[in-house]
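Top to bottom, those sequences are chains A and B.
Counting from 1, one number per residue, gives the positions in the first sequence under full-length UniProt numbering.
Counting from 1, one number per residue, gives the positions in the second sequence under full-length UniProt numbering.
From the three backbone atoms N, C-alpha and C, an ideal C-beta is built for every residue, glycine too.
Treat the numbers as computed from the prediction; the structure is a model and nothing was measured.
There are 2 protein chains.
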Amino acid sequence: MTSTALYPFDMARTPKTLDRFYSVIPAGGIGSRLWPLSRADAPKFLHDLTGSGQTLLRDTWDRLVPLSGEQRIMVVTGRAHRAAVEAQLPALTDENIVLESEPRDSTAAIGLAAAILERREPGVIIGSFAADHVIKNHALFLSAVTEAVAAADAGYITTIGISPTEPAIGFGYIRSAGPLDIGGAPSALTVTEFVEKPDLETAERYVASGNYLWNASMFITRADRLLEEIGRSQPELLAGLLELAEAWDDPATRGPAVDRIWPNLTKIAIDYAVAEPAAAAGKLAVIPGYFDWDDVGDFASLAKLNSGGRKSDLAILGENARVLSDASSGIVVSQSGRVISLIGVKDIVVVDTPDALLVTTSENAQRVKAVVDALKLTGSSDVL
Amino acid sequence: MTSTALYPFDMARTPKTLDRFYSVIPAGGIGSRLWPLSRADAPKFLHDLTGSGQTLLRDTWDRLVPLSGEQRIMVVTGRAHRAAVEAQLPALTDENIVLESEPRDSTAAIGLAAAILERREPGVIIGSFAADHVIKNHALFLSAVTEAVAAADAGYITTIGISPTEPAIGFGYIRSAGPLDIGGAPSALTVTEFVEKPDLETAERYVASGNYLWNASMFITRADRLLEEIGRSQPELLAGLLELAEAWDDPATRGPAVDRIWPNLTKIAIDYAVAEPAAAAGKLAVIPGYFDWDDVGDFASLAKLNSGGRKSDLAILGENARVLSDASSGIVVSQSGRVISLIGVKDIVVVDTPDALLVTTSENAQRVKAVVDALKLTGSSDVL
Numbered sequence: 001m002t003s004t005a006l007y008p009f010d011m012a013r014t015p016k017t018l019d020r021f022y023s024v025i026p027a028g029g030i031g032s033r034l035w036p037l038s039r040a041d042a043p044k045f046l047h048d049l050t051g052s053g054q055t056l057l058r059d060t061w062d063r064l065v066p067l068s069g070e071q072r073i074m075v076v077t078g079r080a081h082r083a084a085v086e087a088q089l090p091a092l093t094d095e096n097i098v099l100e101s102e103p104r105d106s107t108a109a110i111g112l113a114a115a116i117l118e119r120r121e122p123g124v125i126i127g128s129f130a131a132d133h134v135i136k137n138h139a140l141f142l143s144a145v146t147e148a149v150a151a152a153d154a155g156y157i158t159t160i161g162i163s164p165t166e167p168a169i170g171f172g173y174i175r176s177a178g179p180l181d182i183g184g185a186p187s188a189l190t191v192t193e194f195v196e197k198p199d200l201e202t203a204e205r206y207v208a209s210g211n212y213l214w215n216a217s218m219f220i221t222r223a224d225r226l227l228e229e230i231g232r233s234q235p236e237l238l239a240g241l242l243e244l245a246e247a248w249d250d251p252a253t254r255g256p257a258v259d260r261i262w263p264n265l266t267k268i269a270i271d272y273a274v275a276e277p278a279a280a281a282g283k284l285a286v287i288p289g290y291f292d293w294d295d296v297g298d299f300a301s302l303a304k305l306n307s308g309g310r311k312s313d314l315a316i317l318g319e320n321a322r323v324l325s326d327a328s329s330g331i332v333v334s335q336s337g338r339v340i341s342l343i344g345v346k347d348i349v350v351v352d353t354p355d356a357l358l359v360t361t362s363e364n365a366q367r368v369k370a371v372v373d374a375l376k377l378t379g380s381s382d383v384l
Numbered sequence: 001m002t003s004t005a006l007y008p009f010d011m012a013r014t015p016k017t018l019d020r021f022y023s024v025i026p027a028g029g030i031g032s033r034l035w036p037l038s039r040a041d042a043p044k045f046l047h048d049l050t051g052s053g054q055t056l057l058r059d060t061w062d063r064l065v066p067l068s069g070e071q072r073i074m075v076v077t078g079r080a081h082r083a084a085v086e087a088q089l090p091a092l093t094d095e096n097i098v099l100e101s102e103p104r105d106s107t108a109a110i111g112l113a114a115a116i117l118e119r120r121e122p123g124v125i126i127g128s129f130a131a132d133h134v135i136k137n138h139a140l141f142l143s144a145v146t147e148a149v150a151a152a153d154a155g156y157i158t159t160i161g162i163s164p165t166e167p168a169i170g171f172g173y174i175r176s177a178g179p180l181d182i183g184g185a186p187s188a189l190t191v192t193e194f195v196e197k198p199d200l201e202t203a204e205r206y207v208a209s210g211n212y213l214w215n216a217s218m219f220i221t222r223a224d225r226l227l228e229e230i231g232r233s234q235p236e237l238l239a240g241l242l243e244l245a246e247a248w249d250d251p252a253t254r255g256p257a258v259d260r261i262w263p264n265l266t267k268i269a270i271d272y273a274v275a276e277p278a279a280a281a282g283k284l285a286v287i288p289g290y291f292d293w294d295d296v297g298d299f300a301s302l303a304k305l306n307s308g309g310r311k312s313d314l315a316i317l318g319e320n321a322r323v324l325s326d327a328s329s330g331i332v333v334s335q336s337g338r339v340i341s342l343i344g345v346k347d348i349v350v351v352d353t354p355d356a357l358l359v360t361t362s363e364n365a366q367r368v369k370a371v372v373d374a375l376k377l378t379g380s381s382d383v384l
């Protein structure tokens, strides 16, 4: 069998493991650094941030269908977003949507999906992919996930680390060491460390060393192995997840279990609960990803993504945007239908929504979150 | 009789001439450089640009009442603005409002007022003051006008030139020469030249010389003298104005005369038709004005006016403005009620109206007019 653009890997080599593969999409997180575009009732994953004509959530779904099929993609999201998520993903079945009554961070979200799926299908391999990241080259993504599934089948908590194209300070990094010898995963490397967003000097050192990859929050693992790792660092959290999973598929028991257990689960990111301890114990593998990837963490990133990297350009996002620019660059997000005129403003960020306007620069994009916090404190929560 | 704050001049010296004085307010001009705040249906003079709580037109009226009384102020404005003008000036009588069916520039507007008033009251002295300028010190203004009225009575076309506080490039200049010896107008000087907005180098030279004053478009003159000067440079225009004035005060004849004559009057600014020729002929006098004056010609000027001159401040204009600023300076004009958040933008100009948004910098404020022209060409006249 030959490769195609959609299936660039050797199908003959992988059907057995991919047959056991299930995609999980945690669709949470408002994306406060993208306020006033992203907000509580319109989080980042429900926006079209690339001009593709569809939301990031739908892009994510479409990227995963070739790997696991429409029937094997689970979405974990907030109750408030159920209708919007189902509208975006008409093929999503009731058994594949997990609704959170309140956010309990990524270990609870992904761990619950793992526990439910392992109970339904022992030995399942899951891959967790954020709902609001942007990947342009699907073929290279699919190829990397396929290797990751093989490494997961061999028992590793496996991540895909993006080969850095610049010393970015907005991402965490993964430090890799020597190659692992895993059948079906020829490019798998051991991971020695997960590190937080560095300063510029450190980032430059990381990139120059050739040993660091960007942490794209992708985790591919056997569900039982993930639960085992959660149990090692967070035994109470694991107990809660197993109890929830036990009650999940019976309509009579799910509601009471959620009400009783979910609000008390420890809030902890999966990087801390699983990835860092597993890396320290030598149980974490990484597949380098050579595809374009962005978490669109702030407006500087959004501007870059939409201007093809040219600093002199003005990127415009928004249907029917009416923008008149004279000697200006940066990004305009137009959601209000108003005429927007820019004169002589460089590297500007203008986000125009019906009830709130943001004007800043790419350089200050990371400070947007602080403004959101200030708005909360000053009684302007109506626009958050 | 002693001076007071409102009447700082010697009343005993001036009653005769001031009794003959009539104020004229040409209320025209959209103020395109203040788009999208100023526009066809909401011209500059109908805005509160100083945070005083009332429009510039009303400020102008209030400034003139101590000179001529409410009964002797004539307003020349467009038909479309009649209701708004009358709402601002409840004391304005029907005989004191002159409505233009279309704009024909300042010579026609002021000349028609002069012709009507001269016919009603031969020997009347008129003073023309733009509806959309800002003057803070009323006492010094009144003092200068009182001297100007004396000079006008002596036969001079008289202007008030503002003593420059900086080498502004946004104003025209008046070149003065030696003193005139006019009773009641001790500071009157002859004018040798009216000059257009200069470049910075020229402006610096002007200010350093001490011989130049800013042209504030104030003209005080006997009405008959003004008409004489119009006739000298624009005889056809004068004929039209006299014919209109003849028909004006009879309801049966006014309408037909306006329809027939007004649209055909030559469009020419009073600076060209009257001031420059009169200056060349030695018939123009200037009274130096030492009061704060601004024509609020663009957003840089508006920002300066509202920040007390401090470049580090963010000026905010607009009732119930909801502005959150972090390390930003410049000016925000809020007319939409939306939350406006600025982060790290310096010398910025943000004008937020329900249907149009402008983002620029003080440095680029003069280019706003070009954008308005571009909007006309690109079919966005709905927001002009």
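Separation of A/G297 and A/L34 (C-alpha to C-alpha, rounded to the nearest whole angstrom) is 7 Å. Nearest CB-CB separation between B/L375 and chain A: below the 8 Å threshold.
At a beta-carbon threshold of 7 Å, the residues of chain B lying near A/I343 are T360, N364, R367, V368 and V371, ordered along the chain. Between A/V149 and A/R175, the CB-CB gap reaches or exceeds 8 Å. If the five residues before and after B/D355 are omitted, its C-beta is found closer than 7 Å to the C-beta atoms of V383, all from its own chain and listed in chain order. Distance from the CA of B/S163 to the CA of B/I287, rounded to the nearest whole angstrom, comes to 10 Å. Counting only residues of its own chain and dropping the five nearest sequence neighbours on each side, B/R119 has a CB closer than 8 Å to the CB of A245, E246, W248 and D249.
A/N320 sits exposed, since fewer than 16 C-beta atoms from the chains shown fall within 10 Å of its C-beta. Secondary structure of A/W61 (DSSP, three-state): helix. Judged by DSSP in its simplified three-state form, B/P198 adopts coil rather than helix or strand. With a beta-carbon spacing of about 24 Å, A/E229 and A/V258 fall beyond the 8 Å limit used to define contacts. DSSP lists no beta-bridge partner residue for A/N320. Residues of the region 36-62 of chain B with a C-beta atom less than 9 Å from some C-beta of chain A are P36, listed in chain order. In this structure, the straight-line span from the alpha carbon of B/K197 to that of B/S106 is close to 18 Å. When B/W214, B/L117 and B/V372 are compared, the shortest CA-CA separation from B/I125 is found for B/L117. Secondary structure note for B/P36: it is in no beta strand (DSSP E), with a DSSP letter that is neither H nor E.
Listed in chain order, the beta strand (DSSP E) elements of length 3 or more contained wholly in the region 205-277 of chain A are 212-222. Contacts with chain B (Cβ-Cβ distance below 8 Å) from the region 298-309 of chain A involve no residue at all. In this chain, B/T55 is not harboured by any alpha helix (DSSP H), its DSSP state being neither H nor E. In the DSSP assignment, B/T77 falls within the unbroken beta strand (DSSP E) covering I73 to G78.
Shown here, A/S362 sits in a helix according to DSSP, grouped into three states.
For the pair of segments examined, the region 318-336 of chain B was found to touch the region 347-367 of chain B: the number of CB pairs separated by less than 8 Å reaches three. Beyond the five residues adjoining it in sequence on each side, A/L265 comes within less than 8 Å, by CB distance, of R104, A108, L237, G240 and L241 in the same chain, given in chain order.
Pairing A/G318 with A/R254, the inter-Cα distance amounts to about 40 Å. Using a Cβ-Cβ cut-off of 8 Å, B/A84 does not count as an interface residue toward chain A, since no Cβ of chain A sits closer than that to its own. Contact of B/V350 with chain A is assigned, a C-beta pair being separated by under 8 Å.
Annotated three-state conformation of B/R120 is helix, per DSSP. Proximity of chain A to B/R338 at the Cβ level (cut-off 7 Å) is accounted for by D355, A356 and L357, in chain order. For B/L324, the residues of chain A that pass the 9 Å Cβ criterion are V371, A374, L375, T378 and S380, in the order they occur in the chain.
Under the Cβ distance rule, B/V383 counts among the residues neighbouring chain A, one pair being separated by less than 8 Å. Per DSSP, B/S380 is not a residue of any alpha helix (DSSP H), being assigned neither H nor E. Scanning its chain for C-beta atoms nearer than 6 Å, with the 5 sequence neighbours on each side dropped, one finds around A/E204 the residues P167, in chain order. Listed in chain order, the beta strand (DSSP E) runs fully inside the region 109-195 of chain B are 125-128, 157-162, 173-179 and 189-195, counting runs of at least 3 residues. Taking all protein chains shown into account, B/D295 has 16 or more neighbouring C-beta atoms within 10 Å of its C-beta and is therefore buried. In the three-state scheme derived from DSSP, where H, G and I count as helix and E and B as strand, B/S68 is classed as helix.
The Cβ atoms of B/F291 and B/I135 lie closer than 8 Å to each other.
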